[in-house]
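> As given, the protein sequences belong to chains G and L, one line each in that order.
So the first sequence is numbered by this note's numbering: it starts at 1 and just counts up by one.
So the second sequence is numbered by this note's numbering: it starts at 1 and just counts up by one.
By construction, the Cβ of each residue, glycine as well, lies at the ideal position given by its N, Cα and C atoms.
These numbers come from a predicted model, not from an experiment.
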Amino acid sequence: MGVDLAITLGGARLANPIVTASGCFGSGKEMSRFVDLRSLGAVVCKTVTPEPRLGISPPRGAETASGMLNAIGLQNPGVAAFREGDLVWLAERNVPAIASVGGHSVADYVRCIEALRGAAGLVAIELNLSCPNLEDRGFMFALSAERTAEVTAAARAASDVPVFCKLSPDVTDIVAIAEAATGAGADGLSLINTTLGMAIDPLTFRAKLSTGTGGLSGPAIKPIAVRCIWQVHRALPHVPIIGMGGIAGVEDAVEMILAGATAVAVGTANFYDPTATETIARALADFCEAHGIAALDEIRGQVKIEG
Amino acid sequence: MNPVIRLAPVVSASRFGAYRELTIEAPEMAAGARPGQFLNICIQPGGAHLLRRPFSIARADRDGGTVSIVFDPIGLGTQWLGAREKADIVDVVGPLGHGFDVTADPGVDLLVGGGYGTAALAFLAAELEARGGEVHAIVGARSRARLYEDTILDESCASIAVVTDDGTAGVQGLVTDPMPEMIKRFAPRVVFGCGPMAMLRAMAAVAAEAGVPSQLAVEEFMACGVGVCWTCILPVRANGSLKHLRSCTDGPVFDGEAIAWA
């Protein structure tokens, strides 16, 4: 009875491991019509950049089998408006916030982090490393161990809260990128961001997104996420991981914890089930109780591979 | 009202020419629904198509505790929904979005609807008429079978002009054809529109030309419908700058003159 679901995430203590995936929950205001935000470990907010961004033209989304593609172009009101608006709103409600920051250069990330220093209720910062780096021919930071290390070191030096690096699965060796991030001072890792995909309308010959390609999310990518978490946890067992990618139910959350995740973020499921986060958070306690799990440490990384 | 999520039983499923009408029991939604708002409905529960589909509310029976939608069963989601029968259960979120603004003092208004988009305007017509307004409507479709005809619309409107692309009902032409003449004759305060985007664009142009403000309910791809995914944005001009507003929570009704058409 009375399962303790509290976790420590690189120094940040959360009441339970269920958080939201950046870009899938706003900053919680809209979703608070459907869920009690206090039932979640933290709200991971939509990525902000130093200046406001308009984002790309529609169409920005397309449904695919067991998932969806999106390309938003980091539409956001800028870090200053975010701090004064959404972050204050969350702090007033005592909801722990994790800010996601992005940019097109190392300096952009540092500017965001400096603008967030001392913000009430901010428990961690997540670096969205799937942004195109204009100092590296537009390639995502997360594609290169060197660029990942560079931006992580600068972010770590600028931040007064734990820094998590959100990595892309679209790399040859995610362990190498994870090691570069932690080697440069990352307090933890968020695995995984969307994987690049594309869909074409066979009748109009048009790409379904205005950018051609976009990020694939939803249950379709969950096995990729579980694999990445497992590979990274095996190599870096002491690094806290926020696992995400296709979480739709409590069993999915348990699966990621078995692969090595410390926390689990719910993303695309919020779109079709706006109650998903709270449902999973409450079901996790029930699951643990039903299966005799007293603390999540007992099962973290305990996947059995036989044969 | 705050939207709710619930499982709702189907109380009736019927054909409306080429369209389907589905009425579900959802008393809190019926009580709070405004014309122009929408419901976001799960299709194929447990299947591979996860995203809900948005539908304008065609009717809200507050006494009976039911809400209705009208749709064209042409896609995967609408075909699944079109196959629902009485007593089946659907998973619904709603009511969502801002509806049409009907808070001004009663006056003369013009409603322009295309295809099943007219259904949302029937709900609006009843509301405007109940508030003491005088409502005129232009309803159009490709052909007679695709024309949405409704007794509520008939009873709520002082006049209705019918237009079809092929002339199988009413006058042959586009819904925008009778607009200048009707605007001249009735001097409406507002043109309210609902229909495909190309039609809305044409309506906005005719209304603007005549100097009449327009309120248009748009259709965009929506992943969430509740304001967090930012896929359904509509480019809108406000205070001289371009903004990307969400069709779900900032709309789906927008000022026709402010929309920056693609």
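Is it true that the stretch 176 to 185 of chain G meets the stretch 37 to 46 of chain G, where meeting means three or more beta-carbon pairs spaced less than 8 Å apart?
Cβ pair count under 8 Å is below three, so no.
> Shorter than 8 Å from the beta carbon of L/T176 to some beta carbon of chain C?
Among the protein chains of the structure shown, namely G and L, there is no chain C.
> In chain order, what residues of the same chain have a beta carbon less than 8 Å from the beta carbon of L/G132, not counting five sequence neighbours either side?
Residue numbering aside, residue 132 of chain L sits at position 132 when the second sequence is read from its first letter. Around L/G132: P106.
> Nearest-angstrom Cα distance between L/T118 and G/V19?
Locating residue 118 of chain L in the second sequence gives position 118, where the first residue counts as 1. Locating residue 19 of chain G in the first sequence gives position 19, where the first residue counts as 1. Using only the alpha carbons, I get a separation of about 42 Å.
> When the Cα atoms are used, what is the spatial distance from G/L5 to L/R146?
Taking the first residue of the first sequence as 1, we reach residue 5 of chain G at position 5. Taking the first residue of the second sequence as 1, we reach residue 146 of chain L at position 146. Going by the C-alpha atoms only, they are around 56 Å apart.
> Looking only at DSSP bridge pairs, what is G/V266 linked to?
Stepping through the first sequence from its first residue, residue 266 of chain G is reached at position 266. G/T20, per the DSSP bridge assignment.
> Check whether the stretch 236 to 253 of chain G and the stretch 207 to 223 of chain G touch, using three or more Cβ-Cβ pairs below 8 Å as the test.
Cβ pair count under 8 Å is three or more, so yes.
> Inspect the CB distances between the stretch 158 to 167 of chain G and the stretch 121 to 141 of chain G and report whether three or more fall short of 8 Å.
Contact holds: three or more Cβ-Cβ distances are below 8 Å.
> Would G/T277 pass as an interface residue toward chain L - the criterion being a Cβ-Cβ separation below 8 Å?
For the purposes of this step, residue 277 of chain G is taken as residue 277 along the first sequence, with counting starting at 1. False, the Cβ-Cβ gap to chain L never drops below 8 Å.
> List the residues of chain G whose Cβ lies closer than 8 Å to the Cβ of L/P196, in chain order.
On the second sequence, position 196 is the one that residue 196 of chain L refers to. Here the premise fails: no neighbours, minimum Cβ distance about 15 Å.
> Anything in chain G within Cβ reach of L/P3, meaning under 9 Å, just list it in chain order.
As a position in the second sequence, residue 3 of chain L is number 3, starting the count at 1. Correct list: R33, F34 and P274.
> So, at 6 Å on beta carbons, what are the nonlocal neighbours of L/M29 in its own chain, with the 5 sequence-adjacent residues on each side left out?
Mapped onto the second sequence, residue 29 of chain L falls at position 29. Contacts found: V67, G94 and P95.
> From what residue to what residue does the beta strand (DSSP E) around L/E25 run?
In the second sequence, residue 25 of chain L corresponds to position 25, counting from 1. Run containing L/E25: Y19 to E25, per the beta strand (DSSP E) assignment.
> Could you tell me which of L/D150, L/V163 and L/L128 sits nearest to L/G140, measuring between CA atoms?
Counting from one through the second sequence, the residue named residue 140 of chain L turns up at place 140. Measuring from the Cα of L/G140, the nearest candidate turns out to be L/V163.
> For the alpha helix (DSSP H) that contains L/F71, what are its first and last residues?
One-based indexing of the second sequence puts residue 71 of chain L at position 71. Careful: L/F71 lies outside any alpha helix (DSSP H), inside the beta strand (DSSP E) at T66 to F71.
> Measure the C-alpha to C-alpha separation of G/A184 and G/V239 and round it to an integer number of angstroms.
Taking the first residue of the first sequence as 1, we reach residue 184 of chain G at position 184. Taking the first residue of the first sequence as 1, we reach residue 239 of chain G at position 239. Cα-Cα distance, rounded: 13 Å.
> Scan the stretch 125 to 139 of chain L for residues whose Cβ lies nearer than 7 Å to a Cβ of chain G and list them as they occur along the chain.
If the cut-off is 7 Å between Cβ atoms, the stretch 125 to 139 of chain L has nothing near chain G.
> So what does G/E63 bridge to, in DSSP terms?
What you label residue 63 of chain G is simply residue 63 of the first sequence in a count that begins at 1. Answer by DSSP bridge pairing, in chain order: G/M68.
> Grouping DSSP H, G and I as helix and E and B as strand, with all else coil, what is G/A12?
Working through the first sequence from its first residue, we reach residue 12 of chain G at position 12. Strand.
> Whole angstroms is fine: what's the gap from G/A149's alpha carbon to G/L143's?
Residue 149 of chain G sits at position 149 when you count from the first residue of the first sequence. Residue 143 of chain G sits at position 143 when you count from the first residue of the first sequence. Approximately 11 Å between the Cα atoms of the pair.
> Can you grab the Cα-Cα spacing for the pair L/C229 / L/V236, in whole Å?
Here the question's residue 229 of chain L lines up with position 229 in the second sequence. Here the question's residue 236 of chain L lines up with position 236 in the second sequence. So the alpha carbons of these two residues sit roughly 18 Å apart.
> Measuring only between beta-carbons, confirm whether L/T249 sits less than 8 Å from chain G.
Counting from 1 along the second sequence, the entry for residue 249 of chain L is found at position 249. Yes, its Cβ sits closer than 8 Å to a Cβ of chain G.
> On the DSSP bridge list, what partners appear for L/E134?
Along the second sequence, one-based indexing puts residue 134 of chain L at 134. Per DSSP, L/V108.
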